[in-house]
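A short worksheet on the structure shown next.
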Amino acid sequence: MSRRHLSCRRPLLATLAAFVVLAGTAAAAPAATPQPPAASATPLGALDDTYYQDALGKTGTALKGALHTIISDQTKLSYSQVWDALKDTDEDPANSSNVILLYTGLSEPKSANGGGVGQWNREHVWAKSHGDFGTATGPGTDIHHLRPEDVSVNSTRGNKDFDNGGTELADAPGNFTDSDSFEPRDAVKGDVARMILYMAVRYEGDDSFADLEPNDSVSNGSAPNIGRLSALKTWSEQDPPDTFEKRRNDVIFDQYQHNRNPFIDHPEWVESIW
């Protein structure tokens, strides 16, 4: 790992040590993602002075290229390691025995992971068929876009692009789908957008995987593209990073992959690049 990454990880240890887990019970109905108690965020100034120093002052393709170089310095996980990682990254701040599911917003036991009905599994927010990377170590195991989700809801989303509209899901109120797109609940729309845009910057076709890019289509099939970019940009603006998302970014950086999602730290970079 580079000296630059080590130097900016030190404040994260204090951040995570300050994080308090409250006792609670599982959510009984879909709701906005619970927020942990107030804690000191990772100092952005410290990150800018170290981790992001080579990206500052850039825009457009120059910014995208600089960020690609920065976030490509990461530790890669196996697909089996993802199970345990998600139990940390998506831990329910009100119940340390549970995780929060991305689309339903429900709190479910960490032990209820698997492939059966009523269990939660590993949702690839950038659908793994969009670029045909499957569960290969790399994009297929990158926990910046892997989230816990109910098996049935995960199946309903499938490999659809993201866009507004459709019919509301009975088993995940607040989420909508039609024949070619999926709309997540309002509380995580920005999370979804920033995960997709992270993937587009991290995987540029220079590491044996496809060059992943967002576009304004909802009929991408197996092409290494996901849309709809215009909707994703709007979602990122309307739903800025919250405490849960920021903590998740810190945990991934400090404990697992040792790289960050730059659009959580600097949401304004979405517009600077796209």
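Numbering-wise (our numbering), the sequence shown opens with residue 520 and increments by one.
Think of the CB as a built atom: it goes at the ideal place given N, C-alpha and C, for glycine as much as any other residue.
Check your understanding: Which whole-angstrom value describes the C-beta separation of Ser700 and Val672, a residue pair presumed to lie in contact below a C-beta threshold of 8 Å?
Key -> Actually they are not in contact, since the Cβ atoms of Ser700 and Val672 sit about 15 Å apart, beyond 8 Å.
Check your understanding: Given a threshold of 16 other Cβ atoms within 10 Å of its Cβ, counted over all protein chains shown, does Ser630 qualify as buried or as exposed?
Key -> Exposed, because fewer than 16 other Cβ atoms sit within 10 Å of the Cβ of Ser630.
Practice item. For Asp567, I'd like the list of residues in its chain whose CB is within less than 8 Å of its CB, leaving aside the five on either flank, ordered along the chain. Key: These residues qualify, in order along the chain: Leu575.
Review point. Which partner residues does Ala691 have in the DSSP bridge list?
Key: For Ala691, the pairing in a beta bridge is given by DSSP as Leu688.
Exercise for review: Out of Ser591, Gly693, Gly637 and Asn683, point me to the one whose CA is closest to Asp661's CA.
Suggested key: Of the residues Ser591, Gly693, Gly637 and Asn683, the one whose Cα lies closest to the Cα of Asp661 is Ser591.
Check your understanding: Going by C-alpha distance, which of Lys708, Ser616, Asn739 and Asp669 is nearest Ser698?
Key -> Closest by alpha carbon: Asn739.
Exercise for review: Go to Arg767, then tell me how far its alpha helix (DSSP H) extends in each direction, as first and last residue.
Suggested key: Judged by DSSP secondary structure, Arg767 falls within the alpha helix (DSSP H) whose first and last residues are Thr762 to Val770.
Review point. For Gly659 versus Tyr722, is the C-beta spacing smaller than 8 Å?
Key: Result no, Cβ atoms of Gly659 and Tyr722 do not sit closer than 8 Å.
Check your understanding: Are Val618 and Trp602 closer than 8 Å when you measure CB to CB?
Key -> The Cβ atoms of Val618 and Trp602 lie no closer than 8 Å to each other.
Practice item. Put Arg713 into one of helix, strand or coil per three-state DSSP. Key: Arg713 carries a helical assignment under DSSP once its states are collapsed to helix, strand and coil.
Check your understanding: Bridge partners of Ser615, per DSSP?
Key -> Under DSSP, no beta-bridge partner is assigned to Ser615.
Exercise for review: Tell me, please, which residues DSSP counts as bridged to His663.
Suggested key: The partner list for His663 (beta bridge, DSSP) is empty, contrary to what the question assumes.
Exercise for review: Over the uninterrupted alpha helix (DSSP H) stretch that includes Trp754, give me the two end residues.
Suggested key: Leu748 to Gln757 is the extent of the alpha helix (DSSP H) around Trp754.
Review point. Excluding sequence positions up to five away, which residues of its chain have a Cβ less than 6 Å from the Cβ of Asp710?
Key: Within the same chain, Asp710 has close Cβ partners Glu764.
Practice item. Please classify Arg721: does DSSP put it in a helix, a strand, or coil? Key: Three-state DSSP puts Arg721 in a helix.
Check your understanding: If you draw a straight line from the alpha carbon of Thr696 to that of Thr578, how long is it in whole angstroms?
Key -> Computed Cα separation, rounded: 34 Å.
Check your understanding: How about Asp690 and Gly746: do their beta carbons lie closer than 8 Å?
Key -> In this structure, Gly746 does not lie closer than 8 Å to Asp690 by Cβ.
Practice item. On a CA-only basis, which of Asn683, Glu702, Ala706 and Leu621 is nearest His664? Give me that one, please. Key: Here the closest residue by C-alpha is Leu621.
Check your understanding: Looking only at C-alpha atoms, which of Gln572, Leu582, Ser791 and Pro667 sits nearest to Pro628?
Key -> Among Gln572, Leu582, Ser791 and Pro667, the Cα nearest to that of Pro628 is on Pro667.
**Study point:** Proximity below 8 Å, CB of His649 to CB of Asn734
**Key:** No; because the gap between Cβ atoms is not below 8 Å, this pair is not in contact.
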